[in-house]
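One structure is given here, and the rest of the page talks about it.
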Amino acid sequence: MTKKQLLSGNEALARGAWEAGVEVAAAYPGTPSTEILENVSRYPEIYSEWSANEKVALDVAIGAAYAGKRAMATMKHVGLNVASESLFYASYTGVNAGLVIVNADDPGLHSSQNEQDNRHYAKFAKVPMLEPSDSQEAKEMVGAALELSEQFDTPVILRTTTRTSHAKSIVELGERKTLPKRPYEKNPQKYVMIPGFAKRRHPVVEERMKKLEAYAETCPYNKVEMGGLELGIVATGPSYQYARDVFPTASFLKLGMVWPMPKKLIAEFASKVKRLIVVEELDPFFEENIRIMGIQAEGKSIFPLVDEFSPEVVRKSAHAAGLIDAPPIEHQLDKGALPMRPPVLCAGCGHRDVFWVLRKLKVTVNSDIGCYALGVMPPLNASDTIGCMGASIGVAAGMRRGDLEGPNVAVIGDSTFFHAGMPPLANAIYNQTPFTTIVVDNRTTGMTGHQGNPSSGMTLHHDMHPTVDIEKVVRGMGVDEVYKVESRDLDDFEDAVKKAVKSNKPAVVIAYTPCVFVTSHPREAYTIVEEDCNGCTMCFRIGCPAIYKSTVMDDKHNRPKALIDPLACVGCGLCFDVCARQAILEGVLKQEATLTTHVA
Amino acid sequence: MITANFLLAGVGGQGTLLASDIVADIGMRVGADVKKSEVHGMSQRGGAVTSHVRWGGRVSSPLCEKGAVDYFIAQEMLEALRWIEFVKPGGTVLLSRQQIVPTSTVYGADQYPVDDHVVATIKKVAGTVLLIDAKKTAEELGNARVANSVLLGALSAQMGMPPDDWLAVITVRVPQRHVELNRQAFFAGREKDWRI
Ligand SMILES: Cc1ncc(C[n+]2csc(CCOP(=O)(O)OP(=O)(O)O)c2C)c(N)n1
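Chains as they are written, first to last, in the working numbering: chain H, 1 to 600; chain Y, 601 to 796.
Here is the structure:
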């Protein structure tokens, strides 16, 4: 009997890699792709690593494929921007053993800075792309991508979206394939992309795309499912699933191979139906390319260009366009204004100290991507700019050169520093641009679920390797003004920032901001002394999720007193530091034995 | 073939994902095609968590459609109000009497909705509302963490399903040392009439 299991798309991709004989896998974490490598790491047959960034991960995978082992690199959509240089050269060099790049897009920006549609990368870099619409397909397509990669000598992108990566569906498990290693043969004309050689590879790439176009016509993942002839739906990924529910009687062309597209198959399908409707999230990628083929298609005139789709979004649009009769069910309710639950810095998070001080100093804060990005949220409101990973330091330099009024500082996390922070810091030293970079070093990649990084030394497999010491790095790069402090000591930290800013040189403050998931604070929960609290709201303003309004009022001012949830408080003491009335009692010191510095 | 759409909603730390994994496993156990979808990533940081589970002959969308949820398991009052539009007219809501206050009501002017407003609004949509003292019942049994088993017990009764498949899945899914407590919580939820 075949074994069936309910797996998320990401778990299925990892299983697919194992079954397809992948031997090397590299990634940099990023929602919604992170769990792929976390699951791959459980298979001892696969060498797997967190790389310092996505470009490095892809280069590692490319190298492994050149050397003759099936390889995989995984990343979120914006990770492919970082790795795009490598994607483009690998398109020219081709591979030896198969190479699959798993790319997870994030329509709806569940946890990203944009919602770019990475299907364009397949066309742009001239490589094939597959897209699954459930976990079973996700698993199978890893193997299919690797076969294509070897058959056509090309990297293959396997695109998922947040929905496919995180939704669970039933998967039939298979066995692992063992493949002989393909020996590496020196071949500079193929693997060395100097202009003279690269020029001769370009026609090879164009020839390959023609062959792939022919292959797309019979690719088993491009499926025609005939129903009524009134509507013919073209879709892929989760949009296919939503459309299946909304148009139960229509005909479908499901394009599991997103690029190149099967011209004949599409033309034939279009000729059978009255209206050809493309249901696709984000950009009109299919729609435009179908139109280029000279085939009439409707898409973005009906369905939205922005945000993630859902069954109700598809139904509402289809109903408004008169494609279906049944309207969506919309309850008319007067709910009043509901408080949101935006993500907040955890109770005890060391980043809170940093932003508390920076706000007080009234400096312009060029922040970066990570948990510390939450410093922009109320009540801290302590950031001015955030763009993409590593942008903090370059933008800070630019604001300096743009004669910003008043001082500015760059704030960057440890993982982000190693990902993309070193080149802009080298640039600031080289050009002697006078601003301060604050590295908030919490010894983990917090935002994506506490993965290790060069600063923590913890590998994907939770082994401890030598750490890359940020202080030595920045001193070695040539920064003279280096301050190393613990953010928990607010005065020390404030002092360091002031001195660094005043130095009027490229300066670095390394602030140790312990992540509570890695290292616990030395004290137990703090408590409010009810008689002493007058409800001044000072401790409310640190935005700690462990502090509440009490139902007990301060009579004199007629305002609620504060209360600390003993289960949520982890004993950092910031509230104690900011309380002007000494109305907070320190937690007792923990026993040495209960102090944990655990590997996340 | 039993066909049903479930929505579970709570706050990071309430075990929404585990509870929905259990509902999904039970669907598989009774022979349904099952899909389940949730958005995680930020839930650890105090965010709202929702999870969709669908049972059917062939399930397409992993998300339930708004207005098509048969069983809404709300682990928290504010989240119940936030997601009520997903419930189909006449559907069933299992409402856990628990409040988790968002920080915006602490540093800002946001107001947490009062229970009566939550219940009255839910009643405009749902045909059956169960107001369940899940946390209190769990605490009385000795551990607030088994509150979800109280809810699952009530759900099993609402669906008219025998307890065996549910208990078998719960036994595998919860930590070994808490199996007995979860069993008690399941029956405490199952045997009481919580309808309002
Ligand atoms: C190019 C790119 N890759 C990955 C991500 C996903 N991501 C968001 S924040 C983050 C890491 C943050 O780690 P760190 O800088 O150490 O800060 P922390 O979250 O620990 O505070 C990652 C990997 C991203 N946004 N962009």
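Yeah, the Cβ is synthetic: ideal placement off N, Cα and C, and Gly gets one too.
By the neighbour-count criterion, in which a residue is buried when 16 or more other Cβ atoms sit within 10 angstroms of its Cβ, GLN591/H is exposed. Taking the C-beta atoms as reference points, PRO522/H is found no nearer than 7 Å to LEU574/H.
For the region 701-721 of chain Y, the set of positions with a beta-carbon nearer than 8 Å to some beta-carbon of chain H reads VAL701, PRO702, THR703, SER704, THR705, VAL706, TYR707, GLY708, ASP710, GLN711, TYR712, PRO713, HIS717 and THR721 in chain order.
Residues of the region 648-672 of chain Y whose Cβ lies closer than 8 Å to any Cβ of chain H, in chain order: ALA648, VAL659, SER660, SER661, PRO662, LEU663, CYS664, GLU665, LYS666, GLY667 and ALA668.
Taking a C-beta cut-off of 8 Å against chain Y, the contacting residues of the region 542-556 of chain H are GLY543, CYS544, PRO545, ILE547, TYR548 and LYS549, listed in chain order. Around LEU58/H, no beta-carbon contact reaches into chain Y at under 7 Å, the shortest distance being about 23 Å. Within 6 Å of the C-beta of SER317/H there is not a single heavy atom belonging to ligand 1.
The closest heavy atom of ligand 1 lies 6 Å or more from the beta carbon of ASN534/H. DSSP places VAL474/H within a helical segment (H, G or I) once states are collapsed to three. Within chain Y, the C-beta atoms nearer than 8 Å to that of ASP245/H come from SER660, SER661 and GLU665, in chain order. Against chain Y, the beta carbon of ALA167/H has neighbours under 7 Å at LYS635, LYS636, SER637 and PRO662, listed in chain order. Shown here, ILE266/H sits in a helix according to DSSP, grouped into three states. Judged by pairs of C-beta atoms under 8 Å, the region 670-680 of chain Y touches the region 608-617 of chain Y, as three or more such pairs exist.
For the options GLY398/H, VAL411/H, CYS349/H and GLY406/H, the alpha carbon positioned closest to that of MET389/H is the one of VAL411/H. Excluding the 5 residues flanking it on each side, TYR712/Y has same chain C-beta neighbours closer than 7 Å at LEU678, GLN699, VAL701 and THR705, in chain order. Per DSSP, GLU405/H is not a residue of any alpha helix (DSSP H), being assigned neither H nor E.
Note that the C-beta distance between VAL729/Y and ILE796/Y is below 7 Å. For ILE602/Y, the closest of VAL634/Y, GLU638/Y and GLN614/Y by C-alpha to C-alpha distance is VAL634/Y. Taking all protein chains in view, the Cβ of GLY402/H is surrounded by fewer than 16 other Cβ atoms within 10 Å, so the residue is classified as exposed. For a Cβ distance threshold of 7 Å, residue set SER661 of chain Y lies close to TYR242/H, ordered along the chain. As computed with DSSP, PRO339/H is found in no beta bridge at all. In this structure, ILE369/H has its beta carbon less than 6 Å from a heavy atom of ligand 1. For HIS166/H, the enclosing alpha helix (DSSP H) stretches over residues 162-166. Boundaries for SER86/H: no beta strand (DSSP E) harbours it, while the alpha helix (DSSP H) harbouring it runs 84-93, taken from the DSSP string.
Going by DSSP, MET209/H is part of the alpha helix (DSSP H) stretching over 195-216.
Following the DSSP letters along the chain, one finds LEU767/Y inside the alpha helix (DSSP H) bounded by residues 763-773.
Contact between ARG773/Y and ASP625/Y holds: their C-beta atoms lie close to 7 Å from each other, under 8 Å. Here DSSP, grouped into helix, strand and coil, assigns MET72/H to strand. Per DSSP, the unbroken alpha helix (DSSP H) holding GLU137/H starts and ends at 135-152. Assigned with DSSP and collapsed to three states, SER756/Y falls in helix.
Under the three-state reduction of DSSP, HIS652/Y is assigned to strand. In terms of Cβ geometry, VAL649/Y and GLY612/Y form a close pair [threshold 7 Å]. Contact residues of the region 291-322 of chain H toward chain Y are SER310, PRO311, GLU312 and ARG315 (C-beta to C-beta distance below 8 Å). GLN332/H and LEU694/Y have their C-alpha atoms some 21 Å from each other. Neighbours of MET677/Y across chain H, judged by C-beta separation under 8 Å, do not exist; the nearest C-beta is about 11 Å away. Buried is the label assigned to ASN453/H, since at least 16 other Cβ atoms lie within 10 Å of its Cβ.
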